[in-house]
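Chemist: In the numbering used here, the protein residues as written are 255 to 703.
Take this structure, written in structure tokens, and hold onto it; I'll ask about it next.
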């Protein structure tokens, strides 16, 4: 058994013990999918640093602490949500508490014909045949070992189906709340979005903690974007700094489809966003952007893989980070261009600001190209704030912390300005300003500790 297997038996023992109570238990293909996840995880175990996409992220905390599957105790009401410009946006709201959909907290009235936004567990019970052509079809259990563990625990999450040529009038807002109990707990939600030909939609995710306590959040999202469909996807990760938050997203794009993703990470002791995009049809277009903020001993990991499997596809990536204290940032981005994927346009950029001599960034950009008519590039920079610029602002009567804050905001503004939905951009900008005010401005030298 591989080195990452220390806690395989306890984790999978929980799945085996409670799986007869999971939604869809007894349905042949559902049982087979869960068993495939359990077997793949048994074969691989928790990722270790020898694994290509995990060499900079250490999951020892998952080995050292035994996390128990969270209960589904409902909240009486929603806790305060960040970003009023986002939380106040008219939307179809679906709320999960500890990985389970809470119908009393959802707001799904007025869905147009041809649109279904509901709990995955409910469909597994009432209409599993609707899920069979889609669930588990995009995510690769071999390439994403934590998705294998999630699949073994498959039971609930969000499911969205949008029929052909429908333009959704409001965003779908997925609010995921972790409410830890007395012991260390884990949640394993699974989300699925299926968009038919020409459909258009916006998905917003907000991940927060309602209280302190140790938690392990292992989230998997599968997105299927059909021919000429368009999906805008915005994610805020603001979990408590005692949590481990692992998010794996797999998206398949057909001909002419468009996918935009923006991930803002600012919480969790370990926060990881892994996105795998498969451009399967000619003219598919994918944009992956993100901002990450870390202090103390936080680790924030952004890992991407984009496969150009058809001609005339485009991909664009920009990730920017601000690291203080003894925090670590990770950016791994691979663009893979297959044979025959001519006229590919793939661009990738990673930039990080280190506000402390103890902060660290690990960057691993990669191009793997098997076609000859392509335009592909990658770039990565990391450095400190320009002290000459700080001095100039201070000489104009601005305090040193304010000067540093202004320069950091300017550094991040390019990425934020690319967000296509204005209220989301405003909400994310407000969060960045609050983060800088809480960290950079409190220290005489502006270094988040």
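Note that beta-carbon positions come from the ideal geometry of N, C-alpha and C, so glycine has one too.
Fair warning: this is a prediction, and the values are worked out from it, not measured in the lab.
Using beta-carbon positions only, say whether residue 524 and residue 553 come within less than 8 Å of one another.
Modeler: Contact annotation: residue 524 and residue 553 have beta-carbon atoms nearer than 8 Å.
Chemist: Note the first and the last residue of the continuous alpha helix (DSSP H) segment covering residue 691.
Modeler: Its alpha helix (DSSP H) spans residues 676–693.
Chemist: On the three-state DSSP scale, how would you describe residue 275?
Modeler: Per DSSP, reduced to three states, the secondary structure at residue 275 is helical.
Chemist: To which residues does DSSP link residue 360 through a beta bridge?
Modeler: Note: residue 360 sits in no beta bridge, so no partner.
Chemist: Do the region 539–555 and the region 511–527 make contact, defined as three or more Cβ pairs closer than 8 Å?
Modeler: yes
Chemist: Going straight from the alpha carbon of residue 595 to that of residue 311, what length do you get?
Modeler: Cα-Cα distance, rounded: 32 Å.
Chemist: Cβ of residue 534 within 8 Å of Cβ of residue 504?
Modeler: no
Chemist: For the alpha helix (DSSP H) that contains residue 497, what are its first and last residues?
Modeler: DSSP places residue 497 in no alpha helix (DSSP H) but in the uninterrupted beta strand (DSSP E) bounded by 497–507.
Chemist: Might you give, ordered along the chain, the residues of its own chain that have their beta carbon closer than 6 Å to the beta carbon of residue 349, omitting 5 neighbours on each side?
Modeler: The residues are 356, 359, 360 and 429.
Chemist: Who pairs with residue 443 in a beta bridge, going by DSSP?
Modeler: Its beta-bridge partners do not exist; DSSP assigns none.
Chemist: Restricting to runs no shorter than 3 residues, where is the beta strand (DSSP E) found entirely within the region 511–561?
Modeler: Counting whole runs of 3 or more residues, the region 511–561 contains the beta strand (DSSP E) stretches 512–519, 524–533 and 539–548.
Chemist: Taking residue 296 as part of the alpha helix (DSSP H), name the residues at either end of that continuous run.
Modeler: 282–298
Chemist: Which ranges does the beta strand (DSSP E) cover as unbroken runs of at least 3 residues, wholly within the region 596–623, from first to last along the chain?
Modeler: 598–608 and 614–623
Chemist: Hey, does residue 519 have any beta-carbon neighbour from chain B nearer than 8 Å?
Modeler: Of the protein chains in this structure there is only one, and it is not chain B.
Chemist: Name, in chain order, the residues that DSSP records as bridge partners for residue 489.
Modeler: Beta-bridge pairing links residue 489 to 459 and 517.
Chemist: To the nearest angstrom, how far is the alpha carbon of residue 338 from that of residue 456?
Modeler: Straight-line Cα distance between these residues: approximately 18 Å.
Chemist: What residue range does the alpha helix (DSSP H) around residue 383 cover?
Modeler: 382–385
Chemist: Tell me residue 424's beta-bridge partners as DSSP assigns them.
Modeler: Partner(s): none; residue 424 has no beta bridge.
Chemist: Beta-carbon within less than 6 Å of residue 370's beta-carbon, same chain only, minus the 5 sequence neighbours each way: which residues are those?
Modeler: 415
Chemist: Which of helix, strand or coil does DSSP assign to residue 585?
Modeler: strand
Chemist: Name the DSSP beta bridge partners of residue 430, please?
Modeler: 350 and 461
Chemist: Measuring alpha carbon to alpha carbon, tell me which residue in 315, 377, 376 and 441 is nearest residue 268.
Modeler: 441
Chemist: Just to confirm, are residue 388 and residue 518 a CB contact at a threshold of 8 Å?
Modeler: Contact flag unset, no.
Chemist: Judging by CA-CA distance, which residue of 635, 655, 625 and 382 is the nearest neighbour of residue 644?
Modeler: When only C-alpha atoms are compared, the closest one is 655.
Chemist: Rounded to whole angstroms, what is the Cα-Cα separation between residue 386 and residue 556?
Modeler: 30 Å
Chemist: Tell whether a beta-carbon distance below 8 Å holds between residue 669 and residue 572.
Modeler: yes
Chemist: Taking only the alpha-carbon atoms, compute the straight-line gap between residue 470 and residue 646 and give it to the nearest angstrom.
Modeler: 45 Å
Chemist: Spatial neighbours of residue 494 within its chain, please: C-beta separation below 7 Å, excluding the five flanking residues on both sides.
Modeler: 463, 466 and 521
Chemist: Have a look at 597, 336, 452 and 353 and flag the residue whose alpha-carbon is nearest the alpha-carbon of residue 491.
Modeler: 336
Chemist: Jot down the residue ranges of each uninterrupted beta strand (DSSP E) in the region 627–682, minimum 3 residues, whole runs only, in chain order.
Modeler: 628–637
Chemist: If you measure between the beta carbons of residue 561 and residue 532, is that distance less than 8 Å?
Modeler: yes
Chemist: Starting from residue 318, trace the alpha helix (DSSP H) both ways and give me its first and last residue.
Modeler: Counting along the chain, the alpha helix (DSSP H) containing residue 318 begins and ends at 314–318.
Chemist: How is residue 398 classed by DSSP in three states: helix, strand or coil?
Modeler: coil
Chemist: On the criterion of 16 or more Cβ atoms from any shown chain inside 10 Å, does residue 474 qualify as buried, or is it exposed?
Modeler: buried
Chemist: Below 6 Å CB to CB, which residues in the same chain sit around residue 622 once its five sequence neighbours on both sides are set aside?
Modeler: These residues qualify, in order along the chain: 590.
Chemist: So, under 8 Å CB-CB, residue 443 and residue 397 are touching, yes? Tell me the CB distance rounded to an integer number of Å.
Modeler: Actually they are not in contact, since the Cβ atoms of residue 443 and residue 397 sit about 20 Å apart, beyond 8 Å.
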